[in-house]
Every structure is written in C-alpha cells, then in structure tokens.
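Notes for the one structure printed next.
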Amino acid sequence: MRIAILGATSQLGKDLTLSFMTGADELVLFARRPGAVTQWLESIGAPGRYQVADFDRFDQHDRFNAVINFVGVGDPAQAAAMGASIFDITLKFDELALTYVRAHPECRYIFFSSGAAYCSRFDQPVDASTRSLVAINQLRPEDWYSIAKLHAECRHRSLPELPIVDIRVFNYFSRTQDMTARFFITDTVRAIQSGKTLATSAENITRDYLGPDDFYQLVQRILNAQPANDVVDCYTKAPVEKLTLLSELQQRFGLKYRVTTDPAVINATGAKMHYYSTNRKAEAFGYTPTKNSLDNVLDELALVFSTGNGR
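In the UniProt record's numbering, the protein residues as written are 1 to 311.
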C-alpha cells in the first residue's frame, strides 16, 4: 500500500511509522514541521526511509491507497493552552483528507478520534449503547476537544459512501512516549526516573493502556478489511485500576508514591473515573488484542529503563 500519514510528528504517528518499517508499505510523512520528521528518521537510524513533506505538498494529483490522519493534540496541557482553536485545526486537516477521498473514493481514510468524543462523564465505562451527552447550555473550555472530535465523526457518518473509519483512542503508552507530557502515566515514569515521590489523588481511576503492537494490529486489520464507513474504540484484553498499577510499578521499578488531596491536576477534557470502552465493534474487522493494559505498561516500561526512551 501507499499510505499518507498526516501529522507524522505525533506520538501515534511516529509509533505507527516504526511499526510499518517491518513491512513493505510505502509511506509519505506529512507534517507542519517536516524538518523535525527528517531529524527523527535520522535519530532512529532510518534516514531517507520514507518521503517527508509539508502539508502543502498533499494534493489530489498524488495517488494513495490510504490516508491516516493523526493531526490533533496529544498532551492535556497543550489542549488546555490551545482552547477553542482545536475546532479550526481539526476541521482544517479533516477537510484536507476528505477533499482527497472525495476525489479518490477508493482511498481509505482512517481518522484518529478520541474516547472523549463520547462527551461522557465516564462514571462508568462506555459501550456500544452509550449516548453522547453535551451540556449545550453550560459549555465549558474542557468540552472543546470532545466536541471537535464528535463533530468530525458526524461529518464522516454523513458520507456513508466513502471508506472512512474513525478510531477512538482512550489511553496509549509506549517506550517512545514523550515523558515530559502531562499524563498520569508519564508523571509516574518521571517519578521513577528521578526517585521522587509521586503525589496522586485517592480516586482509584481505571484506564485501558493500548500498546504499540496491538495499535498496529488494529490499523492493519482496518486497512485489510472490506471498505467500510464506521467507528471503532481501542481496547486491550483488560483495563487496569490506578492503585493496582501503582503497586506493580512500586514492586517492579521502585516507584514511590503518596495519596494527596491536592487538586492541582491538569485535566483539559474533564475528570474521568472509568475512561475506557467495552464496545467491541473492532472485532468485526478481525481485531483481537494480545495483551492487557497492565502488561502493555510493564513491558514498555521495561524497555524504557533497559534501553532508554527509544525503540
């Protein structure tokens, strides 16, 4: 396949590119900062492996079998700083991809959405029957990201004749992660690296951390299945509770932590107690996860601490 990657500097975009290197697919990596992509390829020992280009080079005259759109925000602190501009960014690059797919309806389009698109409080995990809830008369800045993703999904479902699959990512962790990002899991890694004590709330949140191998499997299943206009949720064999994860990290990697009532937590998309899905629609594409959430984190962290933040 010849595949266009939009947003090649993103965490997921880079990890998927690494996974594709094990095969023969031809990638073209598009980014707002193509120089950063070129430097990254050099840093992993793959200079010139794939063509790198600015978004201005992406047009209808090139031929692709698939377009994969990663453009968006991957860090809660960054999302909070961007505010309402997330609407414009999401729409701009989604329309870029849609314009191409309208001209080439045989081309597959994978759009990376988010579990936040459910616009749910996540008091319980979401499932196939969950309704998206928007407090339309009390909209808040932490709603912008969720609504931007929901809006994109609505646009895609309004084009049933086009092969568009949205993938909702809930939580993801890999050895190549930017450990300076403000996620609970990266805060934990920094505490292990520094030897400092992690301060965490008493809320025993539940998360489902997808790893790079099953992430790649899911994308490949969708690319190789019959064309469809649909949406799937990411999931592993099983999620993990925070206190279980912290206990394992304490035993395996010497993490020190304490429970605190300090409310100073960055949460750009709202608090979520059970931020994961039991919606198994991805099974219809042939996806079967190989690991659970805890094993994904432990296996990737073992590689972080044995080889550094590389892959």
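Glycine residues also receive a C-beta, built at the ideal position from the N, C-alpha and C atoms.
Considering only C-alpha positions, which residue in the set the options is nearest to residue i?
{"i": "Leu210", "options": "Met21, Lys291, Asp25, Gln60", "result": "Lys291"}
{"i": "Ala84", "options": "Thr206, Ser146, Ala225, Ile164", "result": "Ser146"}
{"i": "Val219", "options": "His61, Phe112, Ala81, Val28", "result": "Phe112"}
{"i": "Thr176", "options": "Leu133, Lys14, Pro34", "result": "Lys14"}
{"i": "Phe170", "options": "Phe305, Ala117, Ala128, Leu294", "result": "Ala117"}
{"i": "Glu161", "options": "Tyr109, Asp208, Asn204", "result": "Tyr109"}
{"i": "Lys237", "options": "Lys149, Leu294, Val101", "result": "Leu294"}
{"i": "Ser277", "options": "Leu301, Asp123, Asn224, Asp178", "result": "Asp123"}
{"i": "Trp144", "options": "Val37, Met82, Arg207, Gln217", "result": "Met82"}
{"i": "Leu27", "options": "Arg2, Gly286, Pro47", "result": "Arg2"}
{"i": "Thr99", "options": "Asp59, Arg121, Leu133", "result": "Asp59"}
Would you kindly work out how many angstroms separate the C-alpha atoms of residue i and residue j, rounded to a whole number?
{"i": "Leu303", "j": "Thr197", "result": "22 Å"}
{"i": "Pro141", "j": "Pro227", "result": "36 Å"}
{"i": "Ala268", "j": "Thr188", "result": "For Ala268, the pLDDT reaches just 46, beneath the cut-off of 50, and the residue's location in the model is therefore unreliable, although a value from the coordinates is still provided. In a straight line, the C-alpha of Ala268 is about 19 Å away from that of Thr188."}
{"i": "Ala284", "j": "Phe215", "result": "16 Å"}
{"i": "Pro105", "j": "His61", "result": "14 Å"}
{"i": "Ile164", "j": "Gln250", "result": "42 Å"}
{"i": "Ala24", "j": "Gln51", "result": "14 Å"}
{"i": "Ala202", "j": "Ala79", "result": "25 Å"}
{"i": "Gln138", "j": "Gly115", "result": "21 Å"}
{"i": "Asp166", "j": "Trp40", "result": "27 Å"}
{"i": "Ser120", "j": "Met21", "result": "37 Å"}
{"i": "Met273", "j": "Ser19", "result": "31 Å"}
So, is residue i buried or exposed, given that buried needs 16 or more other C-beta atoms within 10 angstroms?
{"i": "Lys92", "result": "exposed"}
{"i": "Ala152", "result": "buried"}
{"i": "Ser43", "result": "exposed"}
{"i": "Ile136", "result": "exposed"}
{"i": "Ala282", "result": "buried"}
By the DSSP assignment, the beta strand (DSSP E) with residue i in it spans what residues?
{"i": "Ala66", "result": "66-69"}
{"i": "Thr200", "result": "197-200"}
{"i": "Asp54", "result": "51-54"}
{"i": "residue 333", "result": "The question about residue 333 has no answer here: the residues shown for the chain are numbered 1 through 311."}
{"i": "Leu6", "result": "2-6"}
Give the range of the alpha helix (DSSP H) segment to which residue i is assigned.
{"i": "Asp88", "result": "85-103"}
{"i": "Glu153", "result": "144-157"}
{"i": "Ile185", "result": "184-194"}
{"i": "Asp213", "result": "212-224"}
{"i": "Glu248", "result": "242-253"}
- On the three-pair Cβ rule with 8 Å, is the region 6-21 touching the region 49-56? The region 6-21 makes contact with the region 49-56, as at least three CB pairs between them are under 8 Å.
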